[in-house]
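One structure below.
2 protein chains.
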Amino acid sequence: MPTEGLPTSKDVAALAGVSQSTVSMVLSGKWPGRVSPSTAQTVREAAEQLGYQPNPAARNLRLGRTRTVLLVVPTLTAPFFAAVYTGAARVAAGHGFALVVYPWPDASGGPFAAPHEAFDGVLASSMAIEALTGMRRPVPLVMLDSDPAGAAPTVNFDVDTVVGNLADHLLGLGHRRLGHLAAAVEAWTFQRRAVSLAEAVARTPGASLVTREAPISIETGREVAHELLSLPDRPTALVCDYDILAVGAYKAAKSLGLSVPGDVSITGFDDIPLAEALEPELTTVRLPAEDLGSQAMSALLELLQNRSPGSPMLPAELIVRRSTAPPA
Amino acid sequence: MPTEGLPTSKDVAALAGVSQSTVSMVLSGKWPGRVSPSTAQTVREAAEQLGYQPNPAARNLRLGRTRTVLLVVPTLTAPFFAAVYTGAARVAAGHGFALVVYPWPDASGGPFAAPHEAFDGVLASSMAIEALTGMRRPVPLVMLDSDPAGAAPTVNFDVDTVVGNLADHLLGLGHRRLGHLAAAVEAWTFQRRAVSLAEAVARTPGASLVTREAPISIETGREVAHELLSLPDRPTALVCDYDILAVGAYKAAKSLGLSVPGDVSITGFDDIPLAEALEPELTTVRLPAEDLGSQAMSALLELLQNRSPGSPMLPAELIVRRSTAPPA
DNA sequence: TAGAATTCGTTATACGTATCACTTCGGGAC
DNA sequence: GTCCCGAAGTGATACGTATAACGAATTCTA
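These protein sequences, in sequence, are chains G and P. First residue of the first sequence: 0, per numbering that gives the first Met the number 0; consecutive thereafter. First residue of the second sequence: 0, per numbering that gives the first Met the number 0; consecutive thereafter.
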């Protein structure tokens, strides 16, 4: 047991020859000038000598908060969420908050099991939205990239604009038959992509769109792209909801003897490091994931101070590389 | 603040017309038959009505433990650590423990800031070993893939055997000049790979080995591989410490007009999903990361019961695919 | 120099839970 | 009818911290 035999503030007090409250005052640093420099020094030395560290559970109970925030993500494997973490952790650290990650739902497939710790707040990916039904108590919450009409404050990407740009890019190149490898995920941001894409296509005379859902993996990307590219009236451009799916689409094109971008243009989403390593380099959408994390954390901090944060909308960027070209 | 105004066991007691201790006994479930069925039912209904959940901080203080374990990993992006998490979380859940992830060092580059929560134990990757110097108190610890001679119990891969197999595979194909793209990380497991590889080469008359350190990224893999493949006496096989580096090596070979595996054989480490998606498919080493996680968690649970766990050694598997062939 | 203000420390208390020690009550056993 | 025992519940307490309330010196003010 971690607690057994560890020094407490009382032990420090005894060694320093002062009262426990004095120890607390010195070490918390919140009472400048409240204790004389010499006693403070004695206390600090005693604490050092015993290797004293405050008991977090006791502190949390006393203060009613933990200065720790939980980030709920659907998977650890996506670089996207690593970037979200980075942004959120930076802001958190600047305010004396710690940030821990809780993956759910996860490959382990277990039921939701909330950590037994208390957290001051939660940042949750829209893809982990079901986790919230398992939450034990109402907790300040900011959603990531979720339905802005939902109950909790949300930080979003400007999906409409960037998908509009993506569609304009392809349509402007002359493509008229588009295929969409849509994420098989019930989340607002993906539904929004589908809607924006459909709207852009609908605005263009003679343009059509065929959509297939694809669970996220290289293999399913390959399968679904193969299916789309085998249609009688084959799309000349494939829009993929993940870069990962685009990797599968590359493989499908290759196996069908189609060249990229000569016979088929392919686009991704996320701009993972691999996107630039593919041959040809992948045209994709860069989502400012780190900004998403930092803005969400800022919003949560506002919430924790009983202020109502805005619901910022972050610009996403179309990265045009060599996987898109005019149709043959 | 999360604590403000939430119902406590005292509130439940008042509503149910019993004492606080009775509420605790009923809801903890640890006192079968201690309370009559009818009162127990009344208490449960009151708790339900108020939406009562025990305060974790108070419980942790009282019990002196948290039933929560921290997993310290150097990065979230590697699928390897996601698998470790999965294995560890499964075992943890089976014993009523929760597992949270703490990435450090992380891309944010901040100093180590331990979560303000208490954890019963820590699982730490050898690559995050420095984090431990920042640990606030001695805590039950199991290292992942670290120096078995270290102070803490460790779960390891059988590096010697699998790297021996890998070397034998290449040497058996007839390769005599090997290049090693070594991870630029101060960790036992990588040093061990280098040693095992060097030993295998030394056993083979006429065989030589040239080593270059490479920070982990596709781009550095490309650069370092380019450098090795431009040597006057160019290696005919490249051993990479990560699959990611191998991706860069593929690009370097291509840019030099060398075919894989015709002109140069390439191997990786980890067997990430992409390995099979590369062209040609990558020969690599599969590390049973999920087993690593589950075994480490099991060892930690032993440790928490004051038993001394063994230091298991997990077998790794050489996956031969099409990126290795006899030299020209 | 008296009174007031300041300095520096102590004592007491509350946070919410789990559990130990104790009381009360009713039912057998003999 | 007495004694004892089990059942069912209550009261008290401790976990370790932070801070409000208080008090004894000491210094400042006029």
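For each residue, glycine too, the CB sits at the ideal point set by N, CA and C.
Only counting the same chain, and skipping five residues up and downstream in sequence, which positions put a Cβ closer than 6 Å to that of residue i?
i, result
"P:Ala39", "Val25"
"G:His225", "Ala251"
"P:Ala15", "Thr41, Val42 and Ala45"
"P:Ala288", "Phe79, Ala82 and Val83"
"G:Glu316", "Arg285"
"P:Arg191", "Val158"
Starting from residue i and walking both ways along the alpha helix (DSSP H), at which residues does that stretch end?
i, result
"G:Leu227", "Ile217 to Leu228"
"P:Ala123", "Per DSSP, P:Ala123 belongs to no alpha helix (DSSP H); it is in the beta strand (DSSP E), Gly120 to Ser124."
"G:Glu316", "Counting along the chain, G:Glu316 falls outside any alpha helix (DSSP H), though it belongs to the beta strand (DSSP E) covering Glu316 to Ile318."
"P:Pro102", "From DSSP, P:Pro102 is part of no alpha helix (DSSP H) but of the beta strand (DSSP E) over Ala97 to Pro102."
"G:Thr203", "Segment: none, G:Thr203 is in no alpha helix (DSSP H) and carries neither H nor E."
"P:Ala57", "Pro55 to Leu62"
Taking the C-alpha atoms as reference points, what is the distance between residue i and residue j?
i, j, result
"P:Phe268", "G:Pro78", "19 Å"
"P:Pro147", "P:Arg211", "25 Å"
"G:Ser322", "G:Glu278", "8 Å"
"G:Pro325", "P:Ser229", "37 Å"
"P:Ala193", "P:Ala150", "23 Å"
"P:Leu165", "P:Arg202", "14 Å"
"G:Leu227", "G:Tyr249", "13 Å"
"P:Ser125", "G:Val90", "27 Å"
"G:Leu70", "G:Leu122", "5 Å"
"G:Ser394", "G:Gly28", "Limits of chain G in this structure are 0 at one end and 327 at the other, which puts residue 394 of chain G out of reach."
"G:Ser258", "G:Leu281", "13 Å"
"G:Val161", "G:Glu301", "28 Å"
"G:Asp242", "G:Ile271", "7 Å"
"G:Val238", "G:Pro31", "60 Å"
"P:Val100", "G:Leu75", "10 Å"
"P:Gln19", "G:Ser20", "29 Å"
"P:Lys253", "P:Ser307", "52 Å"
"P:Asn305", "G:Gln48", "26 Å"
"P:Leu255", "G:Asp290", "38 Å"
"P:Asp232", "G:Ala276", "27 Å"
Leaving out the 5 sequence neighbours to the left and right, which residues in its chain are closer than 8 Å to residue i when beta-carbon positions are compared?
i, result
"P:Val17", "Thr38, Thr41 and Val42"
"G:Pro260", "Pro279, Arg321, Ser322, Thr323 and Ala324"
"P:Asn155", "Asp144, Ser145, Pro147, Thr188, Ser310, Pro311, Met312 and Leu313"
"P:Gly171", "none"
"P:Ala327", "Thr235, Gly261 and Asp262"
"P:Val209", "Arg176, Leu177, Gly178, His179, Leu227, Leu230 and Pro234"
"P:Ala127", "Val71, Val72, Pro73, Trp103 and Pro104"
"G:Glu53", "Before going further, note that residue 53 of chain G is Pro rather than Glu in the sequence given. For G:Pro53, where only same-chain residues beyond five positions count, the Cβ hits under 8 Å are Ser8 and Leu26."
In the DSSP assignment, the beta strand (DSSP E) including residue i goes from what residue to what residue?
i, result
"P:Asn155", "Thr153 to Phe156"
"P:Ser264", "Ser264 to Thr266"
"G:Val238", "Ala236 to Cys239"
"G:Thr85", "It is not in any beta strand (DSSP E) - G:Thr85 instead sits in the alpha helix (DSSP H) that spans Pro78 to Gly93."
"P:Leu291", "Not the beta strand (DSSP E): P:Leu291 falls in the alpha helix (DSSP H), residues Ala288 to Leu303."
"P:Val141", "Leu140 to Leu143"
"P:Leu177", "Arg176 to Ala182"
"G:Val71", "Thr67 to Val72"
How close, in whole Å, do the beta carbons of residue i and residue j come, if the pair is a contact with beta carbons under 8 Å?
i, j, result
"G:Val158", "G:Ser216", "Their Cβ separation, rounded to whole angstroms, is 23 Å, which puts G:Val158 and G:Ser216 out of contact at 8 Å."
"G:Val141", "G:Ala295", "5 Å"
"G:Ala245", "G:Gly220", "7 Å"
"G:Thr266", "G:Ala274", "Contact flag wrong, Cβ pair sits at about 10 Å."
"G:Ala236", "G:His174", "4 Å"
"G:Val163", "G:Ala199", "Going by the sequence as given, residue 163 of chain G is Gly instead of Val. That belief holds up - the Cβ atoms of G:Gly163 and G:Ala199 are roughly 6 Å apart, short of 8 Å."
"P:Pro55", "G:Ala117", "4 Å"
"G:His168", "G:Val263", "No, G:His168 and G:Val263 are not in contact; Cβ-Cβ is about 15 Å, not under 8 Å."
Ordered along the chain, which non-local residues of its own chain (more than five positions away) have a Cβ less than 7 Å from that of residue i?
i, result
"P:Met0", "Any reading at P:Met0 needs caution, since the residue's pLDDT is 42, under 50, leaving its predicted position unreliable; the model's value is listed next. Here the set comprises nothing."
"G:Val223", "Leu180, Arg211 and Ala213"
"G:Glu218", "Gly247"
For residue i versus residue j, is the C-beta distance shorter than 7 Å?
i, j, result
"P:Gly292", "P:Gly120", "no"
"P:Pro73", "P:Ala298", "no"
"G:Val22", "G:Ala13", "no"
"P:Pro102", "P:Gly178", "no"
"P:Leu60", "G:Ala57", "yes"
"G:Pro6", "G:Tyr51", "yes"
"G:Gly95", "G:Arg66", "yes"
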